[in-house]
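In my numbering, the protein residues as written are 51 to 251.
Structure below.
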């Protein structure tokens with residue numbers, strides 16, 4: 051099944067992603083703009099055998115601006131695990147499985163079609179995520195604690211302290227009863243104070 055998988059990557063995945071400006075390194079495909087790096091990587095399961103191969107499709111977006119807000123050096127060639135936005139393909143694309151499985155009984159044409167459909171949906175989704183703000187807005191909409199501090203800094207720096215306060219309020223509504231909330235709220239208060247803003251109530 052290893053050869054079947056390799057053929058899928060070489061004959062189907064690579065041409066599709068290359069057409070959209072992605073470069074290949076191993077099982078890692080990436081496309082960089084001035085502000086962002088878009089990544090699609092293929093992760094083989096650790097439990098594979100000669101007769102069965104399972105793999106996942108991981109999606110990530112790395113933002114140079116968010117890295118700077120985090121006080122980190124900008125990575126020109128980030129790994130998927132370093133991305134600020136990370137999801138598996140099934141959380142972005144409709145009609146695709148959480149993992150793909152290749153065996154002698156697998157209909158390879160169906161796998162090809164599913165992968166192509168899923169990847170095209172991911173590419174369309176990436177087109178709607180052009181900058182750091184789009185990543186922050188994604189996590190604000192959940193709302194998620196992940197990247198909360200970075201998101202609030204970005205919003206306040208962009209002249210939108212009210213949006214940052216609304217973000218805190220949404221997180222408070224979701225997590226306010228949890229023991230850990232006081233820890234996060236303290237961090238958020240410090241960020242607002244740093245910029246001369248009040249966190250609100």
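Glycine residues also receive a C-beta, built at the ideal position from the N, C-alpha and C atoms.
For clarity, every value in this text was computed on a predicted model and none was experimentally measured.
Residues of the same chain with a CB within less than 8 Å of the CB of residue 77, apart from the 5 flanking positions on each side, are 59, 91, 92, 93, 94 in chain order. Contact between residue 224 and residue 193 holds: their C-beta atoms lie close to 6 Å from each other, under 8 Å. The Cβ atoms of residue 108 and residue 51 lie no closer than 9 Å to each other. Put simply, the backbone Cα of residue 159 is about 10 Å away from that of residue 165. Per the coordinates, the alpha-carbon of residue 64 lies some 7 Å from the alpha-carbon of residue 74. Taking the C-beta atoms as reference points, residue 114 is found no nearer than 9 Å to residue 214. Excluding the 5 residues flanking it on each side, residue 138 has same chain C-beta neighbours closer than 8 Å at 106, 107, 108, 109, 148, in chain order.
Taking the C-beta atoms as reference points, residue 116 is found no nearer than 9 Å to residue 153. Cβ neighbours of residue 201 within its own chain (closer than 7 Å, five residues either side excluded): 186, 189, 190, 217. Runs of the beta strand (DSSP E) lying entirely within the segment 140 to 195, each at least 3 residues long, are 150 to 152 in chain order. By the CB criterion at 9 Å, residue 133 and residue 87 fall inside the cutoff.
Going by DSSP, residue 58 is part of no alpha helix (DSSP H) at all; its letter is neither H nor E. DSSP places residue 245 in the coil class of the three-state scheme, outside both helix and strand. Ranked by how close their Cα comes to the Cα of residue 111, the residues 168, 126, 246, 209 have 126 in first place. Distance from the CA of residue 131 to the CA of residue 57, rounded to the nearest whole angstrom, comes to 25 Å. When C-alpha distances from residue 206 are compared across 249, 144, 219, 162, the shortest belongs to 249. Annotated as proximal: residue 211 and residue 245, with beta-carbon spacing under 9 Å. Counting the other Cβ atoms within 10 Å of the Cβ of residue 128 gives 16 or more, which makes it buried.
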